[in-house]
Amino acid sequence: MVIDAKRVRSELVEEVEELSGQKLSKCYLCGKCTAGCPMAASMDLLPHQVMRYLQLGMVDEVLKSKTIWICSSCLLCQSRCPREVDIPCIMEALRAIYLRRGVEYFHAGQIDRELLERAPQQVMVAGMRKLSYY
Numbered sequence: 000m001v002i003d004a005k006r007v008r009s010e011l012v013e014e015v016e017e018l019s020g021q022k023l024s025k026c027y028l029c030g031k032c033t034a035g036c037p038m039a040a041s042m043d044l045l046p047h048q049v050m051r052y053l054q055l056g057m058v059d060e061v062l063k064s065k066t067i068w069i070c071s072s073c074l075l076c077q078s079r080c081p082r083e084v085d086i087p088c089i090m091e092a093l094r095a096i097y098l099r100r101g102v103e104y105f106h107a108g109q110i111d112r113e114l115l116e117r118a119p120q121q122v123m124v125a126g127m128r129k130l131s132y133y
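At position 81 of the sequence shown the residue is numbered 80 (numbering that gives the first Met the number 0), and the sequence of numbers has no breaks.
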């Protein structure tokens, strides 16, 4: 597979870095983020794979994955990273980029009334944060 240098430094990659405040090249793919991730078993791309895809400019592939929505932003990956890469910030930036494309917006009014009454507030706040536009 030949990687085009223009694709690697695409506007989307630069947008991910700008929104997250993280330099994607800092990650050397040690896998400690994935090893500690409590949600890894449910992800279609593991955290270190997300980082590699982004380093290769494969942002669209990452945006199509369910991983960016499954990340619970628990910060365990960040605490384990020897290079101090804040993957939850990167995941948040990816969600924002996805939502800015104007695809599949979610409105609070769509939440079932019964669920609102049963679910803990923390669950609702965390879920809505992931689906918010910033």
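Backbone N, C-alpha and C define an ideal beta-carbon position, used for all residues, glycine too.
Which of the three DSSP states is assigned to residue i in this structure?
i, result
"E116", "helix"
"V61", "helix"
"Y133", "Residue placement at Y133 is poorly supported in this model, since its pLDDT is 42, which falls under 50; the coordinates still yield a value, given next. Residue state, collapsed to three classes: coil."
"R82", "coil"
"I110", "coil"
"R100", "coil"
"K22", "coil"
State the CB to CB distance for the pair residue i and residue j, rounded to an integer number of angstroms; the pair is presumed to be in contact (CB under 8 Å).
i, j, result
"S41", "I69", "5 Å"
"G35", "R79", "5 Å"
"C32", "C76", "4 Å"
"L44", "S64", "5 Å"
With a threshold of 16 other CB atoms inside 10 Å of the CB of residue i, please say whether the residue is buried or exposed.
i, result
"Y133", "Confidence at Y133 is low in this model, with a pLDDT of 42, below 50, so its placement is unreliable and no value can be given for it."
Under 7 Å from any heavy atom of the ligand PLP, does the C-beta of residue i make it?
i, result
"L98", "For the structure depicted, the ligand PLP is absent and the ligand set is empty, with no information on it obtainable."
Return the chain-ordered list of same chain residues with a C-beta closer than 8 Å to the C-beta of residue i, the five sequence neighbours on each side being excluded.
i, result
"I96", "L11, E14, V15, L18, V58, L62"
"M50", "L23, C26, L28, C32, V84, I86, I89"
By the DSSP assignment, the alpha helix (DSSP H) with residue i in it spans what residues?
i, result
"C32", "31–35"
"M50", "46–54"
For residue i, which residues of its own chain have a beta-carbon under 7 Å away from its beta-carbon, when the five flanking residues on both sides are left out?
i, result
"L74", "P87"
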